[in-house]
Amino acid sequence: MTKALSGAPTPGGAVLLLGPSSRIVQLSRAASQLSHKPAIGTAMPVAARELDGVSLYAFAFSAYFTTSLFGMVLSGQWADRRGPLGPLASGIAAFAAGLLLAGTAGAMWMFILGRAVQGLGGGLVIVALYVVVSRAYPEHLRASILAAFAASWVVPSVVGPLVSGTVTEHLGWRWVFVGIPVLVVGPLALALPAIRRTASGPVDPAAPVEAFDRRRIRLALGISLGAGLLQYAGQDLRWLSLLPAAVGAAVLVPAVLGLLPRGTYRAVRGLPSVVLLRGIAAGSFIAAESFVPLMLVTERGLSPTMAGLSLAVGGATWALGSYVQSRPRMEPHRSKLMVVGMVLVASAIVAAPSVLIHAVPVWTVAVAWAFGCFGMGMVIASTSVLLLRLSAPQDAGANSAALQISDGLSNSLLLAVGGAAFAALGGGMVGAGHGVG
Numbered sequence: 000m001t002k003a004l005s006g007a008p009t010p011g012g013a014v015l016l017l018g019p020s021s022r023i024v025q026l027s028r029a030a031s032q033l034s035h036k037p038a039i040g041t042a043m044p045v046a047a048r049e050l051d052g053v054s055l056y057a058f059a060f061s062a063y064f065t066t067s068l069f070g071m072v073l074s075g076q077w078a079d080r081r082g083p084l085g086p087l088a089s090g091i092a093a094f095a096a097g098l099l100l101a102g103t104a105g106a107m108w109m110f111i112l113g114r115a116v117q118g119l120g121g122g123l124v125i126v127a128l129y130v131v132v133s134r135a136y137p138e139h140l141r142a143s144i145l146a147a148f149a150a151s152w153v154v155p156s157v158v159g160p161l162v163s164g165t166v167t168e169h170l171g172w173r174w175v176f177v178g179i180p181v182l183v184v185g186p187l188a189l190a191l192p193a194i195r196r197t198a199s200g201p202v203d204p205a206a207p208v209e210a211f212d213r214r215r216i217r218l219a220l221g222i223s224l225g226a227g228l229l230q231y232a233g234q235d236l237r238w239l240s241l242l243p244a245a246v247g248a249a250v251l252v253p254a255v256l257g258l259l260p261r262g263t264y265r266a267v268r269g270l271p272s273v274v275l276l277r278g279i280a281a282g283s284f285i286a287a288e289s290f291v292p293l294m295l296v297t298e299r300g301l302s303p304t305m306a307g308l309s310l311a312v313g314g315a316t317w318a319l320g321s322y323v324q325s326r327p328r329m330e331p332h333r334s335k336l337m338v339v340g341m342v343l344v345a346s347a348i349v350a351a352p353s354v355l356i357h358a359v360p361v362w363t364v365a366v367a368w369a370f371g372c373f374g375m376g377m378v379i380a381s382t383s384v385l386l387l388r389l390s391a392p393q394d395a396g397a398n399s400a401a402l403q404i405s406d407g408l409s410n411s412l413l414l415a416v417g418g419a420a421f422a423a424l425g426g427g428m429v430g431a432g433h434g435v436g
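To convert, note that position 421 of the sequence shown is 420 in numbering that gives the first Met the number 0; the numbers rise steadily by one, no gaps.
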C-alpha cells in the first residue's frame with residue numbers, strides 16, 4: 000500500500016489547501032488548466048488567421064479533444080498497472096511538446112498536429128492526477144484535494160485570457176504557446192519527487208505486473224476515431240458528410256459502451272450512475288454556457304469584455320461550491336448536496352434564455368449563472384469523490400478515465416446538438432439588429 004503524502008491536516012480532518020500535501024497536486028492541475036482553454040483560447044483565432052487556416056480553425060479544437068480521449072484510457076491502464084508517475088511525467092512532457100510544436104508551426108497542419116500532441120498529454124495528465132489522489136491521500140482528505148482542483152481553476156480562468164490577450168497583442172501569439180511550457184515544467188518538478196516516494200509503482204508491489212488490456216486500447220482508438228469522424232462531418236454540411244458521420248457513429252457507440260461501466264446508460268446504482276450524472280451535469284451546463292455570452296453580445300448589446308465579466312463570478316462560486324462539499328460535516332449529506340447542486344444547475348440552464356427578454360435585467364442572468372456554477376462545484380467534486388470511493392485501488396485509473404470520457408463526450412455531443420439547433424432556428428441571423436455579424 001502507498002502511504003499518504005505528508006501534509007498538514009487540520010483538527011477537523013481537512014487538509015490545509017496551501018500545505019505541501021495538496022500543493023504538489025494542485026500546482027500540476029493548475030498548470031494543465033492554465034495551458035488549455037483559458038489562455039490558449041484567446042490566442043487561437045490570431046494563430047489561425049496568421050497561418051491562413053481559419054477554415055480549419057475547428058480542427059485545432061477537435062484534434063485536442065479526440066487525442067485526449069485516447070490519452071485518458073491509456074493513462075488509466077498505465078496508472079493502474081505501474082503507478083501514476085509514468086503517465087503523469089509523459090503526459091506533461093507531451094503537453095509541453097505539443098505547445099512548442101504549435102507555437103513554432105509554420106503552417107496550419109503543423110499547428111493542428113501540435114494541438115493533437117497536447118491533447119494526448121492532457122488526457123494522460125488528468126487521469127494520472129486522479130490516481131495520485133486515490134493512492135496518496137486517505138479518503139477523508141480527498142474532498143479537500145478536489146476542492147483545491149476547483150480553486151486552481153479560478154485564477155487561470157480569470158487571469159489567463161487577460162494575460163494571453165496582452166501577450167498576443169504586444170509580443171505575438173507564438174509567445175503564448177512557447178511560454179506556457181515553463182508553467183508546466185515547474186509544477187512537475189515539485190510534484191514528481193513526492194509522487195515517486197508515495198504513489199508510484201503498482202498497488203501491490205509483490206504481485207506480477209499485468210499486461211495492458213489490448214481490448215481497451217483498441218476501444219480507445221475507436222472512440223478517438225469515431226469522435227474525430229463525427230466532428231469532421233459536423234464541419235461539412237454537404238450530403239457527403241453523412242458517410243463519415245455514419246462510420247463515426249458506428250465506431251464510437253460500441254467503443255463508449257465498452258469503456259464506460261456496465262449499466263451507465265441505465266443509471267444502475269453505484270459507479271454507473273455516478274459516471275452518467277457527471278456527463279449529464281457537465282455536458283448540459285457547458286453547452287448552455289457556450290451560448291450565454293453570445294446572447295449577451297448579440298441580443299443585449301454588451302461588449303465581449305462585459306459579457307465575459309458578467310459571468311466571471313461563476314469561477315469563484317464554482318470554487319466555493321467545491322469548498323462547501325469538502326467540509327467534513329457535509330460528508331453524511333453528500334447525496335443531498337448532489338441533489339441541491341443539480342437543482343441549481345438545472346435552474347441556471349432554464350434561466351439562461353431569459354437573456355433574450357429585454358425586460359429582464361442582465362444582472363439577473365449573471366446571478367442565476369453564479370448559482371448554477373455553485374451547484375456545479377458541488378456536483379463535479381462530489382462525483383469525483385464518489386468515484387474514488389467506489390473504485391478498488393487497482394481500478395482507480397480505468398474508472399477515472401471513464402468519468403472523464405463521460406464528461407468530455409457529453410460536452411461535445413450536447414454542444415453539437417445545441418449548435419445544430421441554434422443554426423436551424425436561424426441563429427445566424429441573431430444580432431443583425433445590433434450590427435453584429
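The beta-carbon is built from N, C-alpha and C at its ideal position, and this holds for glycine as well.
A quick note: this is a predicted structure, and the numbers were derived from the prediction, not measured.
Taking the CA atoms as reference points, M305 sits about 44 Å from G257. When C-alpha distances from G417 are compared across S272, G75, P352 and G227, the shortest belongs to P352. DSSP places Y136 in the coil class of the three-state scheme, outside both helix and strand. Annotation for V273: T382, L385 and L386 place their beta carbon closer than 6 Å to its own, counting only its chain and skipping 5 residues before and after. With 16 or more other CB atoms across the displayed protein chains lying within 10 angstroms of its CB, A147 is buried. Note on the stretch 331–375: whole alpha helix (DSSP H) runs with a minimum of 4 residues are 333–350, in chain order.
Counted as a single uninterrupted DSSP element, the stretch harbouring W238 is not any alpha helix (DSSP H), since DSSP gives it neither H nor E.
DSSP places G97 inside the alpha helix (DSSP H), whose first and last residues are L84 to G102. Three or more Cβ pairs drawn from the stretch 54–74 and the stretch 220–240 lie within less than 8 Å of each other, which places the two stretches in contact. Counting other Cβ atoms within 10 Å of its Cβ, E288 reaches 16 or more and is therefore classed as buried. For L275, the enclosing alpha helix (DSSP H) starts and ends at L270 to T297. With 16 or more other Cβ atoms from the protein chains shown falling within 10 Å of its own Cβ, V124 counts as buried.
Following the DSSP letters along the chain, one finds L73 inside the alpha helix (DSSP H) bounded by residues Y56 to R81.
DSSP places A193 within a helical segment (H, G or I) once states are collapsed to three.
Residue environment: I379 is assigned as buried (16 or more neighbouring CB atoms within 10 Å of its CB, all protein chains considered). The beta carbons of Q76 and A395 sit no closer together than 8 Å. Between the alpha carbons of S399 and A347 lies a distance of about 27 Å.
L128 and A142 have their C-alpha atoms spaced approximately 14 Å apart.
Between the stretch 84–94 and the stretch 403–413 there are fewer than three C-beta pairs closer than 8 Å, too few to call the two in contact. Rounded to whole angstroms, the separation of the alpha carbons of V366 and L310 is 8 Å. Per DSSP, reduced to three states, the secondary structure at V416 is helical. No Cβ-Cβ contact shorter than 8 Å links A249 with A232. At least 8 Å separates the beta-carbon of V175 from that of V181. DSSP places E168 within a helical segment (H, G or I) once states are collapsed to three. Between L112 and L99, the C-beta gap is not smaller than 8 Å, which leaves the two residues out of contact. F58 has its alpha-carbon roughly 25 Å from the corresponding atom of T297. A286 sits away from L87, with the two beta carbons spaced by 8 Å or more.
L336 sits close to M329, with the two beta carbons spaced by under 8 Å. Our two residues, L191 and L84, have alpha carbons roughly 7 Å apart in a direct line. Separation of A266 and A149 (C-alpha to C-alpha, rounded to the nearest whole angstrom) is 26 Å.
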